[in-house]
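Notes to accompany the following structure.
In our numbering, the protein residues as written are 1089 to 1644.
Here's what the structure looks like:
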């Protein structure tokens, strides 16, 4: 069996100008970035503002497991399949972070015959957007320390600086550090730390801004810390929002590439869904909606994380509504949620499968709460047995739930035609009644509890003393009108990654809150969630190499 990278390297990529022509883009609407990539003008949305938006299909999934779900693969395969049945479709995806690429999870460019290409570029440095975000984030950090070193006119308390440096790599050694050591010329010593770039508020801002003007306004609102009088200090106070916007102006433009079947794909932004909001940029999604009759996009991890944030945060910021949802499940992952170990998944086990269906059932209930039509996609793996597939199909049919087997890894768009037909039918015949899960006028605690109980299935929440104090302070500052961005393990509906399936009677522990005022939400950290991941015992990087003629090896 060929690997993803072998399949990708054998693909026939079209010059990017042919993909642009397929979208009816004019020459001043895009800029070539090599032979197979391009930047789309950030003014294109304004130019096409009177054009009707295409239908937006959100792809989400059950809680991920080490067995794999293939949400991005299904997203790409579905986009290809829609084009095969005559629906002019554009795919909108996040770009991968080097942390997971070099670590454990892998990339986010799909797989098999449902990939976005060039996969080596996309999974590594791509067009440099994430590097630009890293630079802007760390430029702000440098400005903060320089301001304090140069007299601290804003009266910033060095003990209350919230802004951390970032890098696009998993590096646990940098979670907690001390800066400014070495004497007066080296700055003021203080505790600091690193987050991973994709958790930076600047990443979230880039993905939620709707114009360069909006980008600058959001950057100005970033709270970097507090004064000795406990008053918030912002980027606007430091007067550096213009410089940060300048560093980000090219990164703000969405990236145009293609799939293995030459379907247009827009890839832009990459916040994690377990520690950030987990969605590609509004600019990418709305641009795709102007260029295609259908848009297939995805949100990170399960419906308890990415989809919840897409629907409660991203749609609010972008003033749009999705038209339908695809919930991806695999037989392998369902069996893990049913109690099997990873090394037992190749053996048929209908009992474990039946137990694992509870996880899928909870995510279905979540999507139903938002009033959106949906279809279940069974992402086919070679080890799935006919009886196991039939079990999931029958389970869905008994509940009058539309389901389709998707064999898009092996067959590309041809393997997703049934799914494409069913989702189009859903959009055409079902009346959506999209509604937000909570009202913004609710208190922060009520919003947190609503997500915990209605999305996770928790009995209650438990607030730490620090979280209680922060809730009171945030409310007094008027930040209680913002939506919530939960930072929670992706592996479980609870905040305990070891509780698979559908846990019951559990409590979500709220450790602390963090204001992302520029992004426009409050981050709520649960359990032991970390904002700088670590590398596994055997990182994926150990398998990677490059040949003497520059060909990538071992990149999935």
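Positions of the beta carbon are idealized from the N, C-alpha and C atoms, including for glycine.
Counted as a single uninterrupted DSSP element, the beta strand (DSSP E) harbouring residue 1148 occupies residues 1143-1149.
Below 8 angstroms, enough C-beta pairs join the segment 1306-1325 and the segment 1230-1249 to call them touching: three or more.
Secondary structure note for residue 1548: its beta strand (DSSP E) is the uninterrupted segment 1548-1551. The C-alpha of residue 1471 is placed about 16 angstroms away from the C-alpha of residue 1090.
Between residue 1215 and residue 1351, the C-beta spacing is not below 8 angstroms.
In this structure, residue 1438 sits away from residue 1487, with a CB-CB distance that is not shorter than 8 angstroms. Between residue 1463 and residue 1414 the beta-carbon gap is near 6 angstroms, inside 8 angstroms, which marks them as a contact. Under the 8 angstroms Cβ criterion, the segment 1385-1392 counts as touching the segment 1155-1167, having at least three qualifying pairs.
Secondary structure remark: continuous alpha helix (DSSP H) runs of at least 4 residues inside the segment 1392-1479, in chain order: 1403-1406, 1419-1425 and 1438-1457. For residue 1203, there is no enclosing alpha helix (DSSP H); the residue is part of the beta strand (DSSP E) that begins and ends at 1202-1205.
The three-state secondary structure of residue 1226, taken from DSSP, is helix. Residue 1180 sits in a strand when the DSSP states are folded into three classes. Rounded to whole angstroms, residue 1585 and residue 1132 show a C-alpha spacing of 42 angstroms. With respect to the C-alpha of residue 1477, the residue from 1526, 1611 and 1417 having the closest C-alpha is 1417. Contact check for residue 1446 against residue 1539 fails: the beta carbons are separated by 8 angstroms or more.
With a cutoff of 8 angstroms on beta-carbon distance, residue 1467 and residue 1124 are scored as not near each other. With the rule of 3 Cβ pairs closer than 8 angstroms, the segment 1232-1241 does not count as touching the segment 1331-1344. Counting other Cβ atoms within 10 Å of its Cβ, residue 1386 reaches 16 or more and is therefore classed as buried.
Rounded to whole angstroms, residue 1376 and residue 1492 show a C-alpha spacing of 25 angstroms.
Contact between residue 1180 and residue 1501 does not hold, since their C-beta atoms are separated by about 17 angstroms, which reaches or exceeds 8 angstroms. Proximity to residue 1153 across 1469, 1454 and 1422 peaks at 1422, based on C-alpha coordinates. Among the bridge pairs identified by DSSP, residue 1346 is matched with 1205 and 1352. Counting C-beta pairs with one atom in each stretch, the segment 1336-1343 and the segment 1210-1224 have three or more that are closer than 8 angstroms, which means they touch. DSSP places residue 1100 in the coil class of the three-state scheme, outside both helix and strand. In the three-state scheme derived from DSSP, where H, G and I count as helix and E and B as strand, residue 1487 is classed as coil. Nearest to residue 1429 by alpha-carbon distance, out of 1626, 1631, 1203 and 1589, is 1589.
When the beta-carbon positions are compared, residue 1621 and residue 1187 come within less than 8 angstroms of each other.
Apart from sequence neighbours up to five positions away, the residues of its chain that approach residue 1225 with a beta-carbon distance below 6 angstroms are 1254, 1288 and 1290, ordered along the chain. When 1167, 1313, 1163 and 1286 are compared, the shortest CA-CA separation from residue 1362 is found for 1286.
With respect to residue 1595, residue 1614 sits apart: the two C-beta atoms are not nearer than 8 angstroms.
Between residue 1382 and residue 1143 a beta carbon distance of about 5 angstroms is seen, short of the 8 angstroms cut, so the two are scored as contacting. No Cβ-Cβ contact shorter than 8 angstroms links residue 1198 with residue 1147.
Excluding residues up to 5 positions away in sequence, 1459 lie with their Cβ nearer than 6 angstroms to the Cβ of residue 1523 in the same chain. Listed in chain order, the non-local C-beta contacts of residue 1420 below 8 angstroms within the same chain comprise 1153, 1155, 1156, 1433, 1469, 1471 and 1472, local neighbours out to five positions each way being set aside.
Annotation for residue 1607: no beta strand (DSSP E) segment contains it, and DSSP assigns it neither H nor E.
Here the alpha carbon of residue 1325 sits roughly 29 angstroms from the alpha carbon of residue 1407.
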